[in-house]
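S.K.: Structure below; questions to follow.
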Amino acid sequence: MSALIPDKPGEAAHNAIDTARHLSGGQMAWYRFSRNPAALIGATIVISVFFAAIFAPWLSPHPESAGAHVDFMNRHSAPDAQFWFGTDNVGRDIFTRVLYGYRVSLGMVVGVLGVAVPLGVVLGLVAGYFGGRTGFIVMRFTDIMLAIPPLAMALAITAVLSPNLINAMIAITLLWWTWHTRLIYRIVRAQMNEDYVEASKLAGASHFHIMFRELLPNCISAISVKITLDAGFVILFGAALSFLGLGIQPPTPDLGTMVSTGSEYLPEHWWEALMPGLAILYAILGFNLLGDGLRDMMDVEL
Amino acid sequence: MIWYLARRAFSLLLVFLGLAILIFVIARIVPGDPARIALGPLATANQVAEMRTEMGLDLPFVQQLWNYLSGLARGDLGKSLLTSRDVMSDIRHALPATFELVLFTIILQIALSIPLGVLAAVYRDTWVDNVTRIISLIGVVTPGFVLAIILQLIASYHLTFFPITGRLDTALNFKADTTGLLLIDSILAGRWDVWTDALRHLLLPSLALAAAGVGQVMRITRSSMIEVANRDFIEASRAYGIPERVITFRYMLRLACVAPLTILGLEFASLIGNAFIVEFVFGWPGIASYGVRTILHKDLNAVIGVVLVSGVFFVVMNLFIDVLLGIIDPRHRMREASNT
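Chains as they are written, first to last, in our numbering: chain A, 2 to 303; chain B, 42 to 381.
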């Protein structure tokens, strides 16, 4: 595989059609990606979820259903041409609420990973670069955090802090950074034996420079694959929390809450729990396929 | 081997201690006065102050921590506000149900994922491989509670043989007090009706719980089987004329088991987390149901106890897997020994 990657990525871009040897790094990656049907499906799903979330007010057939709307005439109506996913116990259109639910889910992903990833990466870099006692302390602390069953801990935290969206996010963030620390620590430990690290040390580069300008770029592909896979699991986690009544509070449309309310009307009104459930599944599937595709494409081990 | 075990047990103790301190600190630094929570919004300031003294909340922080840890060493987790019993006895009461569910789930996971993974590896790139790939993907991406609800839906329409809530039919009137595990105690008591009923109740929840792990472990078994298949010694064994069956199951599978077992151990944390959801959906009377109930009532002592017990569960499970790996693969034993 390495024989196919040109010596100077980017330079050979203009005559890429000749042979594989003339493909730039980016084109090579795109070629591998486009040859992977699972990854393409994943990318399509992820794009559609983002699209649904961003344009929810324009896409939804019954925008009024997003809030505390009540329509008893159409209560519990099965999926049909007017209500694609059916309606819930107060007659709100479930399809509309799913679109808005994606907003909450994706907001959660951005909020959680936006804090947890930088934190985990920096700690991993520090622990891996300095090693020794610093590394030992950081990694043992990470081990302890990893020994706590995440959902149990998140439940406890949200319960004590009073259940709402922000606290659910705090709880998930507190547990999420550990995985990134572990990943980065492993990569950095392996990189520490490389010549370029030794060379920059000899050239008198500062610790900061070596960590963030030399080592970090070597972690980027692993981090981006991990983030993509993580996104799906953050959605799952948030949905699980609100399913138990500890996440987002009504009437904000949230997929987990919808499944939990809908499950009270099983099995006659099956769509009320199943449709939001499948919507969660769809989003997680997308991030998973995309993440796996990226992993194959960038050839990283997680 | 003795040394190895002792070292592992020691690091287990360290992790446990860290876990206890961490959980205690988190429970104390969060805003909200436990005494106020215990008494409700109607209590007067005097009552709250009295309660604080009674709960030891007016002591210095280090003293509180010390009291808590020494109580822990005696197996005392404090009183539950919800049930007003000792948290320890509540947990001991609920633990066997969870233990049975989790144990059965793990057996189910191993029994499903390793054979399917081997199958996928042996019939690599055929339709068999593709079918197992899809099964594994579905397992990984389906949230536990969605799968639980789908299973309940199917059970209530088509598989009415499977009950959708509870652990045992109340009409059977059976008390499991030898091991607490219904499947074992019923055999000991010679009650086959109880055994089959317990199994019927157990199947759907454990299936919902097993799915995520099965999906992951199956793929890992497949890839490590393929990796081992490319080693020289397999080629050599084949050249010696050793039957393919022996090569696959005795030589390859043994080595290929290392990665899946490690993952099963790591997955165990999310298994316990998912148990919260699955027990909740299926009305399973275990520690997770207890946990959710106490969490919703802000019963802090009980919450700490539940998180701690599930953490211990996880750590012990990992030790067990470590020892198992040490037996299967001597190199693992050596590596661990040189690391710590």
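Note that beta-carbon positions come from the ideal geometry of N, C-alpha and C, so glycine has one too.
#1: What are the residues of the segment 255–275 of chain A that lie near chain B, defined by any Cβ-Cβ distance shorter than 9 Å?
#2: Taking the continuous alpha helix (DSSP H) assigned at V47 (chain A), which residues delimit it?
#3: Given a threshold of 16 other Cβ atoms within 10 Å of its Cβ, counted over all protein chains shown, does K227 (chain A) qualify as buried or as exposed?
#4: Going along the chain, which residues of its own chain have a beta-carbon closer than 8 Å to the beta-carbon of Q88 (chain B), five neighbours each way excluded?
#5: Under a CB-based cut-off of 8 Å, is Y292 (chain B) close to chain A?
#6: Answer with yes or no whether the minimum CB distance from N289 (chain A) to chain B is below 8 Å.
#7: Chain A partners of Q193 (chain B), CB-CB under 9 Å?
#8: Where DSSP assigns a beta bridge to K120 (chain B), which residues make up the other side?
#9: Would you mind telling me which residues of chain B sit closer than 8 Å to I1 (chain A), beta carbon to beta carbon, in chain order?
#10: Tell me which residue opens and which closes the alpha helix (DSSP H) that G92 (chain A) is part of.
#11: Should D300 (chain A) be flagged as near chain B, meaning a C-beta pair shorter than 8 Å?
#12: Over what stretch of residues does the alpha helix (DSSP H) that includes G97 (chain B) continue unbroken?
#13: Under 7 Å Cβ-Cβ, which residues of chain A neighbour F186 (chain B)?
#14: Looking only at its chain, what residues have a beta carbon closer than 8 Å to the beta carbon of R49 (chain B), apart from the 5 residues adjacent to it on each side?
#15: Is the beta carbon of L136 (chain B) sitting closer than 8 Å to the one on A251 (chain B)?
#16: Okay, do the segment 286–299 of chain A and the segment 121–137 of chain A touch, 3+ Cβ pairs below 8 Å being the bar?
#17: Could you have a look at G158 (chain B) and say whether DSSP puts it in helix, strand or coil?
#18: Would DSSP call K339 (chain B) helix, strand or coil?
#19: Does S125 (chain B) have its Cβ less than 8 Å from a Cβ in chain A?
#20: Would you say G278 (chain A) lies against chain B (beta-carbon separation less than 8 Å)?
#21: Who are the near neighbours of G263 (chain A) in its chain, counting only those whose CB is closer than 6 Å to its CB and skipping five residues on each side?
#22: Is the distance from the Cβ of R104 (chain A) to the Cβ of A169 (chain A) below 8 Å?
#23: With distances taken Cα to Cα, identify the nearest neighbour of L248 (chain B) among B:Y109, B:T183, B:D170 and B:E91.
#24: How far does the alpha helix (DSSP H) with P277 (chain A) in it extend, from its first residue to its last?
#25: Under 8 Å by Cβ, that's how I've got Y130 (chain A) and M259 (chain A) pegged, so tell me the actual separation to the nearest angstrom.
#26: With 16 as the cutoff for other CB atoms within 10 Å, does N138 (chain A) come out buried or exposed?
#27: Please determine, among B:F290, B:A277 and B:M129, the residue with the shortest C-alpha to C-alpha distance to G116 (chain B).
#28: Pick from B:I228, B:E285, B:R279 and B:A196: whose alpha carbon is nearest that of H242 (chain B)?
#29: Should E302 (chain A) go down as buried or exposed, given a rule of 16 or more other Cβ atoms within 10 Å for buried?
#30: Check for me: the alpha helix (DSSP H) holding P246 (chain B) runs from which residue to which?
#31: Using the Cα positions of L5 (chain A) and G26 (chain A), report the straight-line distance between them to the nearest angstrom.
#32: Using 8 Å as the threshold, is the segment 172–185 of chain A in touch with the segment 108–117 of chain A, meaning 3 or more CB pairs across them?
#33: Determine whether the Cβ of M193 (chain A) lies closer than 8 Å to any Cβ atom of chain E.
#34: Going along chain B, which residues have a C-beta under 7 Å from A157 (chain A)?
#35: Taking 8 Å as the CB-CB limit, is P80 (chain A) close to chain B?
#36: Going straight from the alpha carbon of I345 (chain B) to that of I62 (chain B), what length do you get?
M.R.: On the basis of the data shown:
#1: G257, V260, S261, G263, S264, L267, P268, W271, A274 and L275
#2: Translated into positions along the first sequence, residue 47 (chain A) becomes position 46. Start and end: P38 to I55.
#3: Along the first sequence, read from residue 1 onward, the residue named residue 227 (chain A) stands at position 226. K227 (chain A) should be labelled buried.
#4: Along the second sequence, read from residue 1 onward, the residue named residue 88 (chain B) stands at position 47. Taken in chain order, the residues that qualify are L80.
#5: Your numbering for residue 292 (chain B) matches position 251 in the second sequence. Taking Cβ atoms only, chain A never reaches closer than 8 Å to Y292 (chain B), which makes this a no.
#6: Looking up residue 289 (chain A) in the first sequence gives position 288. Closer than 8 Å: yes.
#7: Residue numbering aside, residue 193 (chain B) sits at position 152 when the second sequence is read from its first letter. Residues of chain A passing the Cβ test: S264, L267 and P268.
#8: Sequence index remark: in the second sequence, residue 120 (chain B) carries index 79 (1-based). Bridge partners of K120 (chain B): B:D127.
#9: Nothing about residue 1 (chain A) can be reported from this structure: the residues present for chain A run from 2 to 303 only.
#10: As a position in the first sequence, residue 92 (chain A) is number 91, starting the count at 1. Neither: G92 (chain A) is in no alpha helix (DSSP H) and is coded neither H nor E.
#11: Position 299 of the first sequence, counted from the first residue, corresponds to residue 300 (chain A). Chain B contact via Cβ: absent.
#12: Translated into positions along the second sequence, residue 97 (chain B) becomes position 56. First-last for G97 (chain B): undefined, no H or E at that position.
#13: Numbered from its first residue, the second sequence carries residue 186 (chain B) at position 145. Chain A residues near F186 (chain B): A241, F244 and V260.
#14: Position 8 of the second sequence, counting from 1, holds the residue named residue 49 (chain B). Result list for R49 (chain B): L360, D363, V364 and E377, in chain order.
#15: Position 95 of the second sequence holds residue 136 (chain B). Position 210 of the second sequence holds residue 251 (chain B). No, the pair does not count as a contact, with Cβ atoms beyond the cut-off.
#16: no
#17: Position 117 of the second sequence, counted from the start, is the residue given in the question as residue 158 (chain B). Helix.
#18: Counting from 1 along the second sequence, the entry for residue 339 (chain B) is found at position 298. Coil at K339 (chain B), not helix or strand.
#19: As a working note, residue 125 (chain B) is residue 84 in the second sequence. Chain A contact via Cβ: absent.
#20: Looking up residue 278 (chain A) in the first sequence gives position 277. G278 (chain A) counts as touching chain B.
#21: Position 262 of the first sequence, counting from 1, holds the residue named residue 263 (chain A). Same-chain partners within the cutoff: E273 and A274.
#22: Along the first sequence, one-based indexing puts residue 104 (chain A) at 103. Along the first sequence, one-based indexing puts residue 169 (chain A) at 168. It is not a contact, given that the beta carbons lie outside the stated cut-off.
#23: Taking the first residue of the second sequence as position 1, residue 248 (chain B) is located at position 207. That would be B:T183, whose Cα lies nearest to the Cα of L248 (chain B).
#24: By 1-based counting over the first sequence, the position of residue 277 (chain A) is 276. Element bounds for P277 (chain A): W272 to M299.
#25: Against the first sequence, residue 130 (chain A) aligns to sequence position 129. Against the first sequence, residue 259 (chain A) aligns to sequence position 258. Not a contact, Cβ separation roughly 45 Å.
#26: As a working note, residue 138 (chain A) is residue 137 in the first sequence. The question names Asn, but residue 138 (chain A) in the sequence shown is Ile. So I138 (chain A) ends up on the exposed side.
#27: As a working note, residue 116 (chain B) is residue 75 in the second sequence. Cα-wise, what sits closest to G116 (chain B) is B:M129.
#28: Looking up residue 242 (chain B) in the second sequence gives position 201. The option with the nearest alpha carbon to H242 (chain B) is B:A196.
#29: On the first sequence, position 301 is the one that residue 302 (chain A) refers to. It is exposed - the Cβ of E302 (chain A) has fewer than 16 other Cβ atoms within 10 Å.
#30: What you label residue 246 (chain B) is simply residue 205 of the second sequence in a count that begins at 1. Taken as a continuous stretch (DSSP letters only), the alpha helix (DSSP H) holding P246 (chain B) covers W233 to A270.
#31: Here residue 5 (chain A) refers to the residue found at position 4 when the first sequence is read from its first residue. Here residue 26 (chain A) refers to the residue found at position 25 when the first sequence is read from its first residue. At L5 (chain A), the pLDDT of 41 sits below 50, so the modelled position is not reliable and the matter cannot be decided from this model.
#32: yes
#33: Of the protein chains in the structure, A and B, none is chain E.
#34: Here residue 157 (chain A) refers to the residue found at position 156 when the first sequence is read from its first residue. Those are I336, V344 and V348, listed as they occur along chain B.
#35: Indexing the first sequence from 1 puts residue 80 (chain A) at position 79. Taking Cβ atoms only, chain B never reaches closer than 8 Å to P80 (chain A), which makes this a no.
#36: In the second sequence, residue 345 (chain B) corresponds to position 304, counting from 1. In the second sequence, residue 62 (chain B) corresponds to position 21, counting from 1. Cα-Cα distance, rounded: 11 Å.
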